[in-house]
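Our numbering puts the first residue of the sequence shown at 336, with every later residue one more than the last. Shown next, in structure tokens, is the structure this report addresses.
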Amino acid sequence: MPKPTKGPRLGGSPAHERIILANLASQLFEHGRITTTETKAKRVRPLAEKLITKAKRGDLHSRRVVLRTITDKGVVHVLFTEIAPKMAERDGGYTRITKIGNRQGDNAPMAVIEIVSETVEESRKAKAKASGSKAAPKAASKPAAKAAKPVKEEAAAEVVDVEADTVATDEPVATEAVEAAGFVDAMAGHESADADEEKDEA
């Protein structure tokens with residue numbers, strides 16, 4: 336015996352829920368993607384995928400079955416002539432839901448449901464490229480981390496050498512350390528500005 340889904344129905348009554356889902360599916364097929372709440376997106380996804388599967392058959396009976404749910408003949412024509420041929424290689428997973436955050440007014444969680452446009456081969460290549468790119472940075476980061484440790488040790492050794500030179504010579508400031516840090520150019524600019532001010536005052 337079929338039982339209704341648990342929880343509140345969309346729109347309150349079963350008839351209203353069917354109409355809401357049919358309209359959402361119709362708009363999805365017409366525009367390719369729609370923005371709605373996460374709950375509605377999750378509820379319309381199985382209906383849309385079943386309708387696309389029927390449209391892939393392409394016969395008259397399937398068209399009439401789809402017309403029971405979606406009454407707009409123009410949308411059904413788009414479904415059978417444009418969307419279904421693109422999905423011929425796919426066995427399922429015709430739609431994708433992407434969460435986009437909460438709506439500003441009532442803080443309802445929103446999502447975009449869209450028809451997957453890339454082919455199966457393109458999606459496989461993208462997955463392979465993504466998995467390959469994830470593995471490459473991990474492998475590259477390990478040698479980079481190993482190489483960074485000797486550089487830090489060399490820098491620490493240079494600082495110790497500079498400090499030893501300043502202690503041995505009793506100079507107030509080690510000019511080599513200042514030049515290495517790149518402050519000489521900035522100081523030269525300030526010194527020339529101070530000299531110009533002294534000339535103006537004299």
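All C-beta atoms in this analysis are idealised placements derived from N, C-alpha and C, irrespective of residue type, glycine included.
By the DSSP assignment, the beta strand (DSSP E) with residue i in it spans what residues?
i: alanine 577; result: This structure leaves residue 577 out entirely; the chain is present only between 336 and 537.
i: lysine 327; result: The structure shown does not extend to residue 327, since the chain spans only 336 to 537, so no value can be given for it.
Which residues bound the alpha helix (DSSP H) around residue i?
i: glycine 541; result: The question about residue 541 has no answer here: the residues shown for the chain are numbered 336 through 537.
i: alanine 357; result: 349 to 366
i: arginine 399; result: 395 to 404
So, using beta-carbon positions, are residue i and residue j closer together than 9 Å?
i: isoleucine 435; j: arginine 368; result: no
i: alanine 376; j: isoleucine 418; result: no
i: lysine 408; j: valine 400; result: no
i: threonine 404; j: leucine 382; result: yes
i: leucine 363; j: valine 379; result: yes
i: methionine 445; j: glutamate 365; result: no
i: arginine 398; j: valine 411; result: yes
Per DSSP, which one or two residues make a beta bridge with residue i?
i: threonine 371; result: Ala446
Quick one: using the 10 Å Cβ neighbour count with 16 as the cut-off for buried, is residue i buried or exposed?
i: threonine 510; result: A caution first: threonine 510 carries a pLDDT of 49, below 50, which makes its placement in the model unreliable, though a value can still be read off. By the 10 Å Cβ count, threonine 510 comes out exposed.
i: valine 508; result: With a pLDDT of only 48 at valine 508, under the threshold of 50, the placement of this residue in the model should not be trusted; the figure read from the coordinates follows. Flag for valine 508 reads exposed.
i: serine 361; result: buried
i: lysine 460; result: exposed
i: proline 337; result: exposed
i: threonine 370; result: exposed
i: leucine 395; result: exposed
i: threonine 430; result: buried
i: lysine 391; result: buried
What do you reckon, is the C-beta of residue i under 8 Å from a heavy atom of the ligand ADP?
i: histidine 351; result: Looking at this structure, you won't find the ligand ADP or any other ligand, since it has none at all.
Self-check item: Touch test, the region 352 to 364 against the region 421 to 428, Cβ-Cβ under 8 Å, three pairs minimum
Solution: Two segments are said to touch when three or more pairs of C-beta atoms, one from each, lie closer than 8 Å; by this definition the region 352 to 364 does not touch the region 421 to 428.
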